[in-house]
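J.:
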Amino acid sequence: MNKLYILILFILTSCAQFVPPTGGPKDIVGPKILDTFPKSNTKNFKEKEIQLTFDELIDVTSLKQEIIITPQQKGTFQVKPKGKSVKLIFDENFEDSTTYTINFRNGIKDLTEKNPGKNLKLVFSTGPIIDSLKLEGTIVDINTKLPEYETTVGLYKKDTTAFLKRKPTYFTKTDSLGKYTFENIKKDKYSIIAFNDKNQNLTFDQKNEKIGFEPDTISLFQNYQQKPIEIYPANFTKNRIRKTTSRETEYIIQTDKPFLSVKTSLDTLSQLPYTYTQNTINIFKLSDLSKDTLNTQIILIDSLLRSDTLNQKIYFTKPLKTQKIKIQTLSLQSNIKNGEEKTSNLNFHIKFDSPITKFDSTGIIFKTDTVITEKPEIKWINKFELNIQIKTKAKNQTELIFKPNTFINYKGDTNNQISIKNIILQPNETAKLQGRTEETTGTKIVQLINSDNNKIYDQKLFTDKFTFVDIIPGTYIIKIIFDDNRNGIWDPGNIFNKKMPEKIIVSKEPIKIKANFEIKDMLIK
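The sequence shown finishes on residue 1061 if you use our numbering, and the numbering steps up by one all the way, no holes.
1) Can you grab the Cα-Cα spacing for the pair THR906 / LEU984, in whole Å?
2) Mapping DSSP to helix, strand and coil, what is PRO769?
3) Taking 7 Å as the cut-off, decide whether the C-beta atoms of PRO704 and TYR692 are in contact.
4) Could you name the residues of the same chain whose beta carbon sits closer than 8 Å to that of LYS1066, not counting the 5 residues immediately before and after it, in chain order?
5) Pairing CB atoms from the segment 980 to 1000 with CB atoms from the segment 954 to 968, are three or more of them under 8 Å?
6) Could you tell me the alpha carbon to alpha carbon distance between GLU877 and THR800, rounded to whole angstroms?
7) With a Cβ-Cβ cutoff of 7 Å, do LYS616 and LYS610 count as a contact?
8) Distance, Cα to Cα, ASN883 vs GLY643?
9) Taking LEU570 and THR589 to be in contact with their CB atoms under 8 Å, please state how far apart those CB atoms are, rounded to whole angstroms.
10) As a quick exercise: from GLN962, GLN925, SER1043, GLU1038, pick the residue whose alpha carbon is nearest that of PHE1053.
11) Taking DSSP as the reference, what is the three-state secondary structure of ASN932?
12) Are the segment 713 to 729 and the segment 675 to 688 touching by the rule of at least three beta carbon pairs closer than 8 Å?
13) Which value, in whole angstroms, describes the spacing of the CA atoms of LYS1061 and LYS650?
14) Assuming GLN970 is part of the alpha helix (DSSP H), what are its boundary residues?
15) Go through the segment 890 to 957 residue by residue and report every complete run of the alpha helix (DSSP H) that reaches 4 residues or more, in order.
16) Suppose only complete runs of 3+ residues qualify. What are the beta strand (DSSP E) ranges in the segment 599 to 654, listed by chain order?
17) Between which two residues does the beta strand (DSSP E) containing SER755 stretch?
18) Compare the beta carbon distance of THR739 and LEU658 with 7 Å and say whether it is the shorter of the two.
19) If distances are taken between C-alpha atoms only, which option among ASN629, THR979, THR688 comes closest to SER661?
20) Flag this pair as yes or no: are the beta carbons of THR780 and ILE767 separated by less than 7 Å?
21) Can you grab the Cα-Cα spacing for the pair ASN1023 / PRO652, in whole Å?
22) How would you call PHE554, buried or exposed, if buried means at least 16 neighbouring beta carbons within 10 angstroms?
23) If LYS579 sits next to ILE666, beta carbons under 8 Å apart, how far is it from one beta carbon to the other, in whole angstroms?
24) Determine the closest residue to LYS722 out of PRO751, THR635, ASP646, THR791, with distance taken between C-alpha atoms.
25) Alpha carbon to alpha carbon, how far is ILE1007 from PHE888?
26) Three-state secondary structure (DSSP) at ASN775?
27) Are the CB atoms of GLN848 and ILE834 nearer to each other than 7 Å?
28) Taking the alpha-carbon positions, what's the ALA930 to THR879 distance?
29) Helix or strand or just coil, what does DSSP make of ASN881?
30) Going by alpha carbons, who is nearest to GLU784 out of PRO607, PRO912, ASP1019, PHE852?
31) With 7 Å set as the bound, which would you pick, yes or no: does the beta-carbon of LYS1061 sit closer than that to a beta-carbon of chain C?
32) Can you tell me whether GLN689 is buried or exposed? The criterion is at least 16 other CB atoms within 10 Å of its CB, across all chains shown.
33) Hey, LEU656 and LYS620: beta-carbon distance below 7 Å or not?
34) On the criterion of 16 or more Cβ atoms from any shown chain inside 10 Å, does SER727 qualify as buried, or is it exposed?
35) Three Cβ pairs or more, each shorter than 8 Å: is that satisfied between the segment 897 to 917 and the segment 931 to 946?
36) Which of helix, strand or coil does DSSP assign to PHE1032?
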């Protein structure tokens, strides 16, 4: 009997599965500080090592990327983790009689779940006083008014314009709401500059980063709330020619940075028309020239309205005797796309990549869904662009047709048949919007922007009130530019002479426009 009992017990034991106990809810709490050396708010600290001890094992692989030490410490430091502790070993002494703040941000995480510790910060002074002043503010994009995340904000003790060569005395970074905070700041006068420090070198890289600034020096003798700073792209570097390409009938110039407009000293525009986009200029030879090489002056106007003058020799390669001319298909770009909904006032802007030398106006046909024949008004702007305008009586649909061989360029390339069909909305299918600003003087530019594709639907000049009519239903944003110098474009600031950019205000929320609807007296502020 005993043998049978032992046998049954052995079988049951062999079949049993040992399952480890469940670990309970997932750990979502980051490591907590148990001890620090020095203690926070220590005075007269003279060491070169700092140590933090936590309540669990830690991961510090991203600490060097996350940590912010202000004022900025000279030299570098090593990170020495060991279990639940980490040491920072500095190769140079801290500056005397200075309050330091070390913000570890998200640089210290628990080892298993990688939860960052919260509010990990250490403050100490190398002198007898702990500085206690605080400065707060927000950083937003000037066009969208949206908060800028991870933007570097710097405080500079000396001239603002030295920021291109010198790192800030104090610096911090914005959070996801665009907010920043400086704490334990020394009483002094400061300039404040914000920029996207993409290469993490604490200096403004003009080619790729946005910048914003407070034009006035801040006298910091008590806690201070800074008004929002708006940042924008600002490339202050001189534009230079990066590459040129010479062909038989075309000369191409590519520059280091984009430009808004271009002028040349060429006095043979009928023979050498040119076009430009972004950072490229295309110069075309329409006929033989008296000289093989032309010395020309090119003036480029950038987004900061600064001009760069470049001297360039233009020449064209000689044709090969055996070279055969191959006719290519000529393409065009239209601001009004096929299938797009439009109102009765149609304004087509047609653009070509190369100069048009022959044009057959009878090749442009405008069809509607009515029996009435409508003839568009055609106006050439230059050899690359033309406008086609018409106020149609169509009830539903129109079609703009370019028949084959309507356009022929300087090389003999010509177009195939091109058709642009559009749906025409009637007055009861569109909407009207009236608005105003609190400022009732000065010239302003108001833009109605389609929020789906961020394209300008319409644009007007006004002083105190504006009106948009025949708006196609959709979702829009209103943007208003205060055109102080009345040049019709937004002018950015210039940090070197502390000139602020022209003011921009944007509607707080997207505006939903419905058919047969009217919005009156909308205040944009």
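Note that beta-carbon positions come from the ideal geometry of N, C-alpha and C, so glycine has one too.
T.: With the given structure in hand:
1) 31 Å
2) strand
3) yes
4) Absent from the structure is residue 1066, since the part of the chain shown begins at 537 and ends at 1061.
5) With a cut-off of 8 Å, the segment 954 to 968 and the segment 980 to 1000 do not count as touching, because too few Cβ pairs lie within range.
6) 39 Å
7) Going by C-beta atoms, LYS616 is not nearer than 7 Å to LYS610.
8) 56 Å
9) With a contact defined as Cβ atoms closer than 8 Å, LEU570 and THR589 qualify at about 5 Å.
10) GLN962
11) In the structure shown, ASN932 sits in coil (DSSP, three-state: anything other than H, G, I, E or B).
12) The answer is yes - the segment 675 to 688 touches the segment 713 to 729, with three or more Cβ pairs under 8 Å.
13) Cα to Cα, the separation comes out at about 43 Å.
14) Counting along the chain, GLN970 falls outside any alpha helix (DSSP H), though it belongs to the beta strand (DSSP E) covering 967 to 972.
15) With a minimum length of 4 residues, no continuous alpha helix (DSSP H) run stays inside the segment 890 to 957.
16) 604 to 606, 613 to 618, 621 to 626, 635 to 639
17) 754 to 756
18) With contacts defined as CB atoms closer than 7 Å, THR739 and LEU658 fail to qualify as a contacting pair.
19) ASN629
20) no
21) In this structure, the alpha-carbon of ASN1023 lies about 51 Å from that of PRO652.
22) For PHE554, the predicted model reports a pLDDT of 40, less than 50, meaning its position is unreliable; a value from the coordinates is still stated below. With fewer than 16 Cβ atoms within 10 Å of its Cβ, PHE554 is classed as exposed.
23) 6 Å
24) THR635
25) 29 Å
26) coil
27) Yes, the pair counts as a contact, with Cβ atoms nearer than the cut-off.
28) Going from the Cα of ALA930 to the Cα of THR879 covers about 10 Å.
29) Assigned with DSSP and collapsed to three states, ASN881 falls in strand.
30) PHE852
31) Going by chain labels, chain C is absent from the structure shown, which holds only one protein chain.
32) For clarity, residue 689 is Val in the given sequence; the question names Gln instead. Buried: at least 16 other Cβ atoms inside 10 Å.
33) no
34) Classification of SER727: buried, given that the 10 Å Cβ count is 16 or more.
35) Between the segment 897 to 917 and the segment 931 to 946 there are three or more inter-stretch CB-CB distances shorter than 8 Å, so the stretches are counted as touching.
36) coil
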